[in-house]
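**Student:** Handing you this structure, nothing more for now.
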């Protein structure tokens, strides 16, 4: 006789603690039902992790599911698991029907991450119940304090519940009462209680493992007979605890349950879980043989089931030797072992172990998802020196164990500084919201295309302009679309150059400002508004303007007064530098004819790849952020960006994101964008290199250069992008990475306290100009040809002396001679940003890099003030700054003000320098009089 088949003779049902796809497909589940009287199946994250990670049997299903679209890691996991659960439920359906709903169940566990979240548990349990849609499903809920009210509510709603992780008799009683209260609540509302089933999964072997260890510790402190007595108790506690729990079960579901029984309700059966013997010295069927009795379930691992089939002993044992069971627990208590305390610790450990298993499971699914997506998601490979790799590995485990990725997505301020970061994480979900509003943008594109516009000019600053600039530079204008120009400068020559490129009568003006109070967009809006009014007349001029701004901002009020054609609202919970995945990026994308739906799909793919359900080791955005944070903490804080020519504009956006987010409180990641390449020996050990490589348009020289950096031992992160359209995925990867790096370095990545300092000083100086007509000017410390030189107090004397002795070359040598190991040189150019000026300043950077071996940065004012300027002032005092200003050849008046744009940019440069001076930064200002191009060439030559 098969012992498994005779368990039912004693009122016990055998369930299997295992499930996999092949197990179902090959008919093994059905054979166990038919041959061994199997009556149910339980599952958990550890079971599915082994099934999914250790085999390729799920790969076809993954590929098929992702063939037409994409999905999050959790959605993919649920798709796979729900398929298995439904098939198992269908296989067990005849058992369910033949037993009148007593057996034939398959259990599915809610996420262990929700163990302390009642509402989250309820929401997921309800969703699982609805989506699996099988009457013989049981939802597994842990017996935590938060789980108890969830159990009560779910039962009252008619959802079958398997209560898991029970170790304590006391907690078992609380669970039973929650079940009973749920039934009474359902009955009181006129619900049917006859179809509700529940089991209470009482864990067995783990109790012996824990108590045996404590007994051995107690015996080691005792001697002789006492030690032997303590050791003799090993392997007995779990069975004794279960037997006495069963006695409580009988009392709980005795007379007090009669009314519910009369209404058709069933008792909540005890289910013996964790019944595989973990101690090899014990019988492999110990926890089956000793716990057989009516109205119980034993869920057996496959090995234990095989062992019991082979040599198990089916007999009514559950109520035998009860006095001995009570004596055992008394002896354990007398040894100083608090079984309730052990149970609480086992519950905590159980939740943690299930969460660990869930991490492994989701990591496996994440890897299978990436493999199936292939080139549809940009890949990432990190090559790190051993010491940095060890630090990143340790951080990865810390983040996994602490659920930090989920905390990031939840906006938990404690992950950062506790400074209200939760108010600024709307960017995490913006792309999912925008998907629902894509049609509005598509209609807007069609309207714009039908109105005869040829160009669009986006007026913005910082995050409002840099993201759209990437799109314009990378994609240009599509068919029947507008050419997008971006103006984010108060330099008169820059403004004039942009104006010369557009036909005012055929241009759509997009004014983008989140706060609506930023100086530059407001002045430029007024300037171009007046220009259009002069070209077209005042009637209807507002119809040529649209605004992107947050609800209720001063910009919205001004736009309404001026009769703007459209106003697109941003999200107040998204900061400017994180706004490219919202209307601030999508409206310009629509204007240039990008496929807005594809834009959203691409970003969404990376959002899912870096999602809350992707564990740190398999989350590329988090991995990048951990690497950058660990590198910064180790002194490698110069993030050097290298990009294929077709996508090189991305660096300016990433530069702002990284610097403004991490540069504060004396800490910073200093982004180094578009730095000319030098010999590998020129780079110090303060660097991390990120290479954004467009596969179909890669640069062989760049490839070789990056390979040489890697061989030299520098940290290198390679990001491969299959198509230019997928550059938008990097917006999201870098935002996740930056938020992560901020957590690692201990700063708030969503504020910009030092940007405000420069803004305030510039406003003060601009007000002074309006009042007096001129900007206060100080005397230079030295002059050299067309250059007037100004310096910080500490360096002024040496620079003046060096200038007298060696001219401009001496001044630059004295100034940049102050660079120390780990410092960087930054050029702050308050001049027109055009190709020739960039070329000359790049030559200056290369000269500085070769001569001093320091990282070099280049920013054009005033736009860098809203970008890297935050790190230059709020970060560590490791920058040596060269500010370049020049005479204004042809100035432009600011409408409605008593000052010109030339005076505005002069005030911004002066305000910038004043704050650098307040922060004791090392700076040299060179003011150019005369031919600017010739002067820039002189600077590069003098620095070499």
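Numbering (the numbering used here), first residue to last: 110 to 1053.
A virtual CB, placed ideally from N, CA and C, is assigned to each residue, including glycine.
1. Would you mind stating whether residue 585 and residue 680 have Cβ atoms separated by less than 8 Å?
2. Going by Cα to Cα distance, which pick from 374, 675 and 1016 is closest to residue 621?
3. Select from 1017, 206 and 983 the residue whose C-alpha is nearest the C-alpha of residue 1030.
4. Mind pulling the alpha helix (DSSP H) runs of 4 or more residues that sit fully within the region 155-212?
5. Can you round the beta-carbon distance between residue 175 and residue 146 to whole angstroms, since I take them to be within the 8 Å contact cut?
6. Please report how far the alpha carbon of residue 538 lies from the alpha carbon of residue 722, in whole angstroms.
7. On the DSSP bridge assignment, give the partners of residue 719 in chain order.
8. Give me the residue from 838, 783, 741 and 768 with the minimum Cα distance to residue 717.
9. Express the C-alpha separation of residue 931 and residue 1004 in angstroms, rounding to a whole number.
10. Have a look at residue 896 and residue 968 and give me their C-alpha separation to the nearest angstrom.
11. Applying the criterion that 16 or more other CB atoms from any shown protein chain within 10 Å of the CB defines a buried residue, is residue 373 buried or exposed?
12. Quick check: is any heavy atom of the ligand SAM less than 7 Å from the C-beta of residue 428?
13. Would you kindly check if the distance between the Cβ of residue 375 and the Cβ of residue 211 is under 8 Å?
14. If residue 313 sits next to residue 383, beta carbons under 8 Å apart, how far is it from one beta carbon to the other, in whole angstroms?
15. List the endpoints of the continuous beta strand (DSSP E) containing residue 52.
16. State the DSSP-derived secondary structure class of residue 988, mapped to helix, strand or coil.
17. Expressed to the nearest angstrom, what Euclidean distance is found between the alpha-carbon atoms of residue 491 and residue 797?
18. To which residues does DSSP link residue 491 through a beta bridge?
19. If you draw a straight line from the alpha carbon of residue 820 to that of residue 790, how long is it in whole angstroms?
20. Taking the alpha helix (DSSP H) that residue 453 belongs to, which residues open and close that run?
21. Skipping 5 residues on each side, what residues in its chain have a beta carbon closer than 6 Å to that of residue 829?
22. Less than 8 Å between the beta carbons of residue 250 and residue 239, yes or no?
23. Quick one: what does DSSP say residue 711 is sitting in, helix, strand or coil?
24. Kindly give me the distance between the Cβ atoms of residue 1056 and residue 1021, rounded to whole angstroms, as I take these residues to be in contact under 8 Å.
25. Name the DSSP beta bridge partners of residue 396, please?
26. Can you confirm whether the region 994-1014 touches the region 908-923 when touching is taken to mean that 3 or more C-beta pairs between the two stretches lie within less than 8 Å?
27. Would you call the CB atoms of residue 583 and residue 758 closer than 8 Å?
28. Between the region 663-671 and the region 609-628, can you find at least three pairs of beta-carbon atoms closer than 8 Å?
29. Would you grab the beta carbon distance between residue 765 and residue 520 for me? Rounded to a whole angstrom, and I think it's under 8 Å.
30. I'd like to check one pair, residue 273 with residue 252: are the Cβ atoms closer than 8 Å?
31. Pick from 849, 780 and 825: whose alpha carbon is nearest that of residue 979?
32. Can you find at least 3 beta carbon pairs, one from the region 925-945 and one from the region 959-967, that sit closer than 8 Å?
33. Is there a Cβ from chain D that is less than 8 Å from the Cβ of residue 885?
34. State buried or exposed for residue 975, treating a residue as buried only when at least 16 other CB atoms are found within 10 Å of its CB.
35. At which residues does the beta strand (DSSP E) containing residue 782 begin and terminate?
36. Taking the beta carbon of residue 684 as the centre, do at least 16 other beta carbons fall within 10 Å, making it buried, or is it exposed?
**Tutor:** Answer, in terms of the structure:
1. Result no, Cβ atoms of residue 585 and residue 680 do not sit closer than 8 Å.
2. Residue nearest to residue 621 within the set 374, 675 and 1016 is 675 (criterion: CA-CA distance).
3. Relative to the Cα of residue 1030, the nearest Cα in the group 1017, 206 and 983 belongs to 983.
4. DSSP runs (the alpha helix (DSSP H)) wholly in the region 155-212: 168-176 and 182-207.
5. With a beta-carbon spacing of about 39 Å, residue 175 and residue 146 fall beyond the 8 Å limit used to define contacts.
6. Distance between the alpha carbons of residue 538 and residue 722: 14 Å.
7. Answer is none; residue 719 lacks a bridge partner.
8. Among 838, 783, 741 and 768, the Cα nearest to that of residue 717 is on 838.
9. Taken atom to atom, the span from the alpha-carbon of residue 1004 to that of residue 931 is near 45 Å.
10. Cα to Cα, residue 896 sits roughly 20 Å from residue 968.
11. The residue is exposed, with fewer than 16 neighbouring Cβ atoms inside 10 Å.
12. Because no ligand of any kind appears in the structure shown, any question about the ligand SAM cannot be addressed here.
13. Their beta carbons are under 8 Å apart, which means residue 211 touches residue 375 by this criterion.
14. About 5 Å; that satisfies the 8 Å criterion.
15. This structure gives no information on residue 52, because the portion of the chain shown stretches from 110 to 1053.
16. DSSP places residue 988 in strand when its eight states are reduced to three.
17. Going from the Cα of residue 491 to the Cα of residue 797 covers about 10 Å.
18. For residue 491, the beta-bridge partners assigned by DSSP are 826.
19. So the two alpha carbons sit approximately 12 Å from each other.
20. It spans 448-482 - the alpha helix (DSSP H) in which residue 453 sits, taken as one unbroken run.
21. So the qualifying residues of the chain are 488, 802 and 804.
22. For residue 250 and residue 239, no; Cβs fall outside 8 Å.
23. The answer is helix: DSSP assigns residue 711 an H, G or I state.
24. As displayed, the chain neither begins before 110 nor continues past 1053, which places residue 1056 out of reach and without an answer.
25. The partner list for residue 396 (beta bridge, DSSP) is empty, contrary to what the question assumes.
26. No, the region 908-923 is not in contact with the region 994-1014.
27. A contact, by the Cβ cut-off of 8 Å.
28. Flag = yes, the region 609-628 and the region 663-671 touch.
29. Contact between residue 765 and residue 520 does not hold, since the beta-carbon distance rounds to 21 Å and is not under 8 Å.
30. Cβ atoms of residue 252 and residue 273: closer than 8 Å.
31. The residue among 849, 780 and 825 with its C-alpha nearest the C-alpha of residue 979 is 780.
32. Result yes; three or more Cβ-Cβ pairs closer than 8 Å.
33. In the structure shown, chain D cannot be found, because there is only a single protein chain.
34. Answer is buried; the Cβ neighbour count reaches 16.
35. Where residue 782 is concerned, the enclosing beta strand (DSSP E) starts and stops at 779-782.
36. Residue environment for residue 684: buried (at least 16 other C-beta atoms within 10 angstroms of its C-beta).
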